[in-house]
Amino acid sequence: MQRHELADASTPFAERVRTGWRYPMRGAAPITIGAVTLFESLAFLPITGFRLLVVVLGWIAIYTYAFECLRRSADGYADPPEIAVHAEDKTSVALILIQLTGNAIGVLAPIFLGVPGLLVSLAFAFVLPVMTMSLTFDGVGAALNPATWVAAIGRFGGAYFVLFAVMLASSLLQAAAQYAMKDHGPTFFGTIGYYLVANYLTVYNFHLMGALIHHRHEALGYRPESEAIAEAIEPDDDMALLAHVNLIAREDVPAATDILTERLREGLAPAALHTRYRELLRAQSRMPELLVHGQIWIAALVAGREPRRALGVVQDCLDVDPSFLPDDTLICGPLADTAAHGGMTRLALHLALGYLRTWPADMGAPHYGLLALRMHERLGQVAEAAALGRRLLADHPEHPLAADIEALLASLAVARRVRP
């Protein structure tokens, strides 16, 4: 089996920036860059309309390969991929559309809008990397959601600004190469030189985006493929313990449960142990303990910035007890927001109403009351929304959100009047 060099996720991102310039010159990357550049040279053939087709196809080819470099770097591999193995999936298509839009805005906005257009171009350039990276760890829908951009940038921290600065410098370097080589250099060789520089920088930038995902994968809730493969080949202590527990559970389920109980009391444990623990508790109908564990695991997942997995545990607990609710405002509230943004309307409504019912005097109660009001509206529950809105106004008449509540009530009233 072919072995691949792995990257160290703990390496500071600044170090990855410094050493990453060698990445496009390793493995299959230089061959791919050279092949795409040679293909782009076909644009010099004197065939009507052929030049534009060659440029577009070359552009698509290098971005498809670069995105595969991003994925591979995010999965913890230090060497470039041989080929773009995901070239047909929808994320690659979305990447092409996003990059096409970004380049169009970058070129056209300053031309048509002047200085404001330049600001628009810079703003889009700032979010373009996080949109591209979101395709890897959250999918197409999240990549187009501004809320995802804000959350992801927060999890990337200051390293994202380093990435943006590098990509901005690369854009300036590419523009300088175009000016010096393509526009004012020898027509054929100057253009080839420009394409080499542009394709090299594209692969370098996408590698850095993947390296940043790998560096911050725990905060993002992303599991690199290389770690999963390494665990399968050389399981760690927790995986060995899980295998032992599964063996014990064949004869003595309570004893297997006790082993996991002791391990979970020690602190941070992988999701597989928590999941198996819940399976064993459920098999014994130990529902109160299942709910207690749910509260503990949900709190740990929220603290570890894994709200989507935490919502899965909340739903599992609701299957046991339909009145279940996280027992802390700092857990319940953010999960309600995450569920609402993620399209989990009924779960968001349950959490928001539970927050309002359990902590009515808390300073966050009006916010989650308004969130519940919006979820009622989203579900078409106009009467419930109207009743909740009137109660919120009666309880918090001077709150800054009162105007938003009144506006929503007014829109509900209009909707009821025009409904056939």
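Just so you know, the sequence shown maps onto residues 1 to 420 in UniProt numbering.
From the three backbone atoms N, C-alpha and C, an ideal C-beta is built for every residue, glycine too.
Tell me which same chain residues have a C-beta within less than 8 Å of the C-beta of residue i, skipping the five on either side of it?
i, result
"Val55", "Glu40 and Ala43"
"Ile248", "Ala255, Ala256 and Ile259"
"Ala340", "Ala348, Ala352, Leu371, Arg374 and Met375"
"Ile105", "Val120, Ser121 and Phe124"
"residue 435", "Residue 435 lies beyond the residue range present for the chain, which begins at 1 and ends at 420; the question has no answer from this structure."
"Ala28", "Pro80, Pro81, Glu82 and Ile83"
"Phe188", "Ser41 and Phe44"
"Gly20", "Tyr204, His207, Leu208 and Ala211"
Please work out which residues of its chain come closer than 6 Å, Cβ to Cβ, to residue i, disregarding the five sequence neighbours upstream and downstream, and give them in chain order.
i, result
"Cys317", "Leu291, Gly294 and Phe324"
"Val127", "Trp149"
"Glu262", "none"
"Leu172", "none"
"Asn205", "Met167 and Ser170"
"Leu401", "Pro366 and Leu370"
"Leu70", "Phe206, Met209 and Gly210"
"Gly193", "Met181"
"residue 422", "Here the chain comprises residues numbered 1 to 420, so residue 422 is not present and cannot be evaluated."
"Tyr277", "Leu260"
"Val313", "Gly294, Trp297 and Ile298"
"Val36", "Gly58, Ala61, Ile62 and Asn199"
"Tyr195", "Thr37 and Glu40"
"Ala143", "Met131, Ser134 and Leu135"
"Ser10", "none"
"Leu281", "Glu289 and Leu290"
"Pro326", "Ile298 and Cys332"
Using only CA atoms, which one of the options lies nearest to residue i?
i, options, result
"Trp26", "Glu5, Leu38 and Ser10", "Correcting the residue type first, residue 26 is Arg in the shown sequence and not Trp. Minimum Cα distance to Arg26 is reached at Glu5."
"Ala310", "Ser285, Gln284 and Ala348", "Ala348"
"Ala14", "Val120, Leu108 and Gly157", "Gly157"
"Leu264", "Val253, His244 and Trp297", "Trp297"
"Ala283", "Leu301, Val320 and Val314", "Val320"
"Ile98", "Gly267, Leu281 and Asn145", "Asn145"
"Asp8", "Leu196, Pro224, Asp327 and Ala152", "Pro224"
"Ala151", "Leu53, Pro30 and Met133", "Met133"
"Glu68", "Leu241, Val203, Leu379 and Pro322", "Val203"
"Ala271", "Phe112, Leu95, Ala176 and Ala300", "Ala300"
"Ala361", "Gln381, Thr329 and Ile96", "Thr329"
"Glu398", "Ala243, Val382 and Met363", "Met363"
"Ile153", "Gly141, Leu95 and His217", "His217"
"Ala269", "Arg250, Asn246, Met239 and Arg286", "Met239"
"Ala109", "Trp359, Gly117 and Asn103", "Gly117"
"Pro322", "Met287, Ala303 and Gln174", "Met287"
"Trp359", "Gly380, Met344 and Ile331", "Ile331"
"Glu279", "Asp327, Val245 and Ala147", "Val245"
"Pro30", "Leu201, Ala394, Gly267 and Ala303", "Leu201"
Using C-beta distances below 7 Å, list every residue in its chain close to residue i, excluding the 5 sequence neighbours before and after it, in chain order.
i, result
"Ala87", "Residue placement at Ala87 is poorly supported in this model, since its pLDDT is 49, which falls under 50; the coordinates are not used for a value here."
"Ser226", "Leu6, Asp75, Gly76 and Tyr77"
"Ala219", "Arg155 and Arg305"
"residue 421", "Beyond the ends of the chain as shown, which are 1 and 420, falls residue 421; an answer cannot be given."
"His396", "Pro366 and Ala402"
"Thr136", "Leu70, Arg71, Ala74 and Ile213"
"Ala385", "Leu373, His376, Glu377 and Leu412"
"Thr32", "Tyr65"
"Tyr368", "Gly333, Ala336, Ala352, Tyr355 and Leu356"
"Asp190", "For the sequence presented, residue 190 should be read as Gly rather than Asp. Cβ neighbours of Gly190 beyond the five flanking positions: Met181 and Lys182."
"Thr345", "Met375, Arg378 and Leu379"
"Ala147", "His341"
"Val197", "Gln174 and Ala177"
Among all the DSSP beta bridges, which residues are the ones paired with residue i?
i, result
"Leu6", "Tyr77"
Problem set entry | Segments of 4+ residues assigned as alpha helix (DSSP H) that fall wholly inside the stretch 266–340 | List check, alpha helix (DSSP H) in window: 271–283, 287–303 and 307–320.
Problem set entry | Residue ranges of each beta strand (DSSP E) within the stretch 112–197, 3 or longer | For the stretch 112–197, not one full-length beta strand (DSSP E) segment reaches 3 residues or more.
For this session: Please confirm if the stretch 405–414 is in contact with the stretch 379–390, defined as three or more CB-CB distances below 8 Å between the two stretches.
Result: yes
Problem set entry | Three CB pairs or more closer than 8 Å across the stretch 208–215 and the stretch 120–135 | yes
Problem set entry | 3-residue-minimum beta strand (DSSP E) runs that sit fully inside the stretch 199–245, ordered along the chain | none
For this session: Run through the stretch 12–59 for me and flag every whole alpha helix (DSSP H) of 4 or more residues, listed as ranges in chain order.
Result: 13–19 and 29–40
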